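Protein chains in written order, with the working numbering: chain Z, 79 to 420; chain X, 3 to 189.
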């Protein structure tokens, strides 16, 4: 039975039982896929005192009290299960996966965002980012997505749709401020010449940093051109965008790819960074960015970089968007029960 | 000034010193990046369309664009003359601003005029309008093939391709974007 209220994005709750049945069969198929391949199925906490610091994410927070009303802990609702999954990997779990609720604050009413959403994360040990591609494509095939995917590097995507080579304008070393500034100026020039962006004035915006400029051009000129009729995997993201992906040695690229379906960003994969010093400098840099933005440094887990993380590759996939893509919807409101504005 | 994240469809913004209508607006938040608003912008003066991506934290200036009502009086080829029915002020719009729309304006009717910095930059006409046919040639005898059309002229001087059964004095509905005949109107 189908019961649907008027579709105003911010108000009425919608229950589409047919969609929920299809969602159930998709999620069950995902579980069978990983269970049958020997991935340990785990449930890790959603609440954490010290999430991995990520400056572009706003956290939902809550306060735990004891039986006498005394505040015990200020916790965040995790934006991804990565934090605890990596601690399990370091403890010798082997390949594992989790389907869980993740939380992000400050998201726009885009139709494909929700403050509360479902994330699938799977980590394969003894694997790099490229090894996760066939696993992911095999998973998609199991779910009925078997069209030949388009797999290309970010540099190729820029040549094709931005009109110039990205490789020429990536900072070789993010630490050298002068080089980064020079490269950022060069990238702005190339983008203006090719018409991929119009009136960006980095001087007026207080000096745009390279990752923001990269994404401004990518969102404007490249992402809209990605084919929507088959899976698209963009590999070799620039290492100049700070993430927990390892750098591919001797290159300016990270071991990182993303999957698009129907024009929607569905999954993000890393060949995970395991090196203690690089993990520590990522944590410090992100913590400093957050401190600058919020006025206070977040509490971080200082022992996380010391974890003996095995060589592994992790994929974080938005299940709501995946289900929407499979049923042919361009938004996630039908695939989430009681999807009111969150 | 508003933030990029506050841009709404239907708003008018200044971009490179030109007034643009925000025809479409999409929020795009790349997973590992900043938040952006991707817009389809339509130049209010020229009608040209472009796509631009604005960071949600960027500042954007709203353009001083508003509508006023104007009664169309007449045109002398170069200029179209309108009157504000409340103040009786007369104002002109050059035919370059109107381009093809001039052919649809009916004398005495009121239209919304889009103004930018005190200059008229566009006239809003309904998507479909009804016109009286003033000049219709007779159908050629024997022309019985289905879908045969002929050219007629309506009260504003506009030429329209219509089915051959349309006669002088008939009222027809025309799509003002494509210039195509929609249907005969019986009043």
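In this text, a Cβ means the ideal position worked out from N, Cα and C, and glycines have one as well.
What you are looking at is a predicted structure, and each value in this text was computed from that prediction instead of being measured.
Inset, instruction - Report the partner residues of residue 175/Z according to the DSSP bridge assignment. - result: Your numbering for residue 175/Z matches position 97 in the first chain. Checking the DSSP bridge columns, you'll see residue 175/Z partnered with 119/Z, 200/Z.
Inset, instruction - Kindly indicate which residue of 119/Z, 131/Z, 109/Z has the alpha-carbon position closest to the one of residue 370/Z. - result: Counted from its first residue, the first chain places residue 370/Z at position 292. When each option's Cα is compared against that of residue 370/Z, the closest is 131/Z.
Legend entry - Extent of the continuous alpha helix (DSSP H) run through residue 346/Z: As a working note, residue 346/Z is residue 268 in the first chain. DSSP places residue 346/Z in no alpha helix (DSSP H) but in the uninterrupted beta strand (DSSP E) bounded by 342-349.
Legend entry - Element boundaries [alpha helix (DSSP H), containing residue 112/Z]: Working through the first chain from its first residue, we reach residue 112/Z at position 34. Unbroken alpha helix (DSSP H) run through residue 112/Z: 95-114.
Inset, instruction - Determine the direct distance from the alpha carbon of residue 75/X to that of residue 132/X, and round the result to whole angstroms. - result: The residue you call residue 132/X lines up with position 130 of the second chain. The residue you call residue 75/X lines up with position 73 of the second chain. Whole-angstrom Cα-Cα distance: 18 Å.
Legend entry - Proximal chain X residues relative to residue 343/Z, where beta-carbon distance stays under 8 Å: As a first step, residue 343/Z must be located in the first chain, where it is residue number 265. 32, 33, listed in chain order.
Legend entry - Check: residue 354/Z C-beta below 8 Å from any heavy atom of the ligand ATP: Judged by which ligands are present, the structure shown has none, so any question about the ligand ATP falls away.
Legend entry - Check whether residue 125/X and residue 108/X have beta carbons under 9 Å apart: Counted from its first residue, the second chain places residue 125/X at position 123. Counted from its first residue, the second chain places residue 108/X at position 106. The answer is no: Cβ separation not under 9 Å.
Inset, instruction - Return the CA-CA distance between residue 134/Z and residue 110/Z, expressed in angstroms with no decimal places. - result: What you label residue 134/Z is simply residue 56 of the first chain in a count that begins at 1. What you label residue 110/Z is simply residue 32 of the first chain in a count that begins at 1. Straight through space, the alpha carbons of residue 110/Z and residue 134/Z are spaced by roughly 33 Å.
Legend entry - Own chain residues within Cβ distance below 8 Å of residue 168/Z, not counting five before or after: Residue mapping note: residue 168/Z aligns to position 90 of the first chain, counting from 1. Once the five neighbours on either side are set aside, the close Cβ partners of residue 168/Z are 385, 386, 387, 388.
Legend entry - When 163/X, 139/X, 41/X, 59/X are compared against residue 52/X, the one with the closest alpha-carbon: Along the second chain, read from residue 1 onward, the residue named residue 52/X stands at position 50. Among 163/X, 139/X, 41/X, 59/X, the Cα nearest to that of residue 52/X is on 41/X.
Inset, instruction - Have a look at residue 259/Z and residue 119/Z and give me their C-alpha separation to the nearest angstrom. - result: Sequence index remark: in the first chain, residue 259/Z carries index 181 (1-based). Sequence index remark: in the first chain, residue 119/Z carries index 41 (1-based). Between residue 259/Z and residue 119/Z, the C-alpha separation is close to 45 Å.
Inset, instruction - Verify the CB distance criterion: does residue 159/Z have a CB-CB separation below 9 Å to chain X? - result: Residue numbering aside, residue 159/Z sits at position 81 when the first chain is read from its first letter. So, not an interface residue.
Legend entry - Extent of the continuous alpha helix (DSSP H) run through residue 263/Z: Sequence index remark: in the first chain, residue 263/Z carries index 185 (1-based). Note, residue 263/Z: alpha helix (DSSP H), 255-271.
Inset, instruction - Report the partner residues of residue 365/Z according to the DSSP bridge assignment. - result: Taking the first chain and counting its residues from 1, the one referred to as residue 365/Z is at position 287. Partner(s): none; residue 365/Z has no beta bridge.
Inset, instruction - Could you say which of 264/Z, 381/Z, 300/Z, 315/Z lies nearest to residue 342/Z if we only look at CA atoms? - result: Within the first chain, numbered from 1, the residue matching residue 342/Z stands at position 264. Cα-wise, what sits closest to residue 342/Z is 300/Z.
Legend entry - 9 Å Cβ cutoff, residue 63/X in contact with chain Z: In the second chain, counting from the first residue as 1, residue 63/X sits at position 61. It does not; no Cβ of chain Z falls within 9 Å.
Inset, instruction - Return helix, strand or coil for residue 164/Z, following the three-state DSSP convention. - result: For this step, residue 164/Z is matched to residue 86 along the first chain. DSSP places residue 164/Z in helix when its eight states are reduced to three.
Inset, instruction - Compare the C-alpha of residue 222/Z against each of 230/Z, 405/Z, 138/Z, 236/Z and name the closest. - result: The sequence position of residue 222/Z within the first chain is 144, counting from 1. Ranking 230/Z, 405/Z, 138/Z, 236/Z by Cα distance to residue 222/Z puts 405/Z first.
Inset, instruction - Decide if residue 113/Z is buried, meaning its Cβ has at least 16 other Cβ atoms within 10 Å, or exposed. - result: Counted from its first residue, the first chain places residue 113/Z at position 35. Classified as exposed, residue 113/Z has fewer than 16 neighbouring CB atoms from the shown chains inside 10 Å of its CB.
Inset, instruction - Quick one: list the residues of chain X neighbouring residue 191/Z, beta-carbon separation under 7 Å, in chain order. - result: Locating residue 191/Z in the first chain gives position 113, where the first residue counts as 1. By Cβ distance, chain X contributes 31.
Inset, instruction - Going by DSSP, name the residue or residues bridged to residue 40/X. - result: Position 38 of the second chain holds residue 40/X. Per DSSP, the beta-bridge partners of residue 40/X are 28/X, 55/X.
Legend entry - Environment of residue 129/X [buried if 16+ CB atoms lie within 10 Å]: Locating residue 129/X in the second chain gives position 127, where the first residue counts as 1. Residue environment analysis places residue 129/X among the exposed positions, since fewer than 16 neighbouring C-beta atoms fall within 10 angstroms of its C-beta.
Legend entry - Residue environment, residue 94/Z, which counts as buried when at least 16 other CB atoms sit within 10 Å: For this step, residue 94/Z is matched to residue 16 along the first chain. With 16 or more neighbouring CB atoms inside 10 Å of its own CB, residue 94/Z falls in the buried class.
Legend entry - Neighbouring residues, chain X, relative to residue 186/Z (Cβ below 9 Å): Taking the first chain and counting its residues from 1, one reaches residue 186/Z at position 108. Within 9 Å Cβ-Cβ: 7, 29, 30, 31, 37, 39, 58.
Legend entry - Counted within 10 angstroms of its Cβ, other Cβ atoms place residue 336/Z as buried (16 or more) or exposed: The residue given as residue 336/Z occupies position 258 in the first chain. Counting Cβ neighbours within 10 Å, residue 336/Z comes out buried, since at least 16 surround it.
Legend entry - Distance between residue 218/Z and residue 17/X (C-alpha atoms, nearest Å): Counted from its first residue, the second chain places residue 17/X at position 15. Counted from its first residue, the first chain places residue 218/Z at position 140. Computed Cα separation, rounded: 42 Å.
Inset, instruction - Give me the Cβ distance between residue 199/Z and residue 176/Z, rounded to the nearest whole Å; I'm assuming they're in contact under 8 Å. - result: Residue 199/Z sits at position 121 when you count from the first residue of the first chain. Residue 176/Z sits at position 98 when you count from the first residue of the first chain. Between residue 176/Z and residue 199/Z the Cβ distance is about 6 Å, and since that is below 8 Å, they are a contact.
Legend entry - Span of the beta strand (DSSP E), counted from its first residue to its last, around residue 165/X: The residue given as residue 165/X occupies position 163 in the second chain. For residue 165/X, the uninterrupted beta strand (DSSP E) run begins and ends at 161-165, by DSSP.
Inset, instruction - Report the rounded CA-to-CA distance for residue 282/Z versus residue 290/Z, giving the unit in angstroms. - result: As a first step, residue 282/Z is located in the first chain; it is residue number 204 there, counting from the start. As a first step, residue 290/Z is located in the first chain; it is residue number 212 there, counting from the start. Because the pLDDT of residue 282/Z is 47, which lies under 50, any placement of that residue in the model is unreliable, and the number read from its coordinates should be weighed accordingly. Annotation: residue 282/Z to residue 290/Z spans about 14 Å, alpha carbon to alpha carbon.
Legend entry - Cβ contact check for the stretch 76-88 of chain X and the stretch 19-35 of chain X: 3 or more pairs under 8 Å: They do not touch, by the three-pair rule.
Inset, instruction - Go ahead and label residue 108/Z buried or exposed: buried means 16 or more other beta carbons lie within 10 angstroms of its beta carbon, across all protein chains shown. - result: Here residue 108/Z refers to the residue found at position 30 when the first chain is read from its first residue. The Cβ neighbour count for residue 108/Z, taken over all protein chains shown within 10 Å, is at least 16; the residue is labelled buried.
Legend entry - Any C-beta of chain X under 9 Å from that of residue 298/Z: In the first chain, residue 298/Z corresponds to position 220, counting from 1. For residue 298/Z, at least one C-beta of chain X is nearer than 9 Å to its own C-beta.
Legend entry - Pairwise C-alpha distance: residue 69/X and residue 1/X: Because chain X here runs from 3 to 189, residue 1/X falls outside it and cannot be looked at.
Legend entry - Nearest residue (CA-CA) to residue 122/Z, options 292/Z, 360/Z, 159/Z: In the first chain, counting from the first residue as 1, residue 122/Z sits at position 44. Nearest option by C-alpha distance: 159/Z.
Legend entry - Cα-Cα separation between residue 98/Z and residue 414/Z, rounded to whole angstroms: As a working mapping, residue 98/Z is identified with position 20 in the first chain. As a working mapping, residue 414/Z is identified with position 336 in the first chain. Straight-line Cα distance between these residues: approximately 8 Å.
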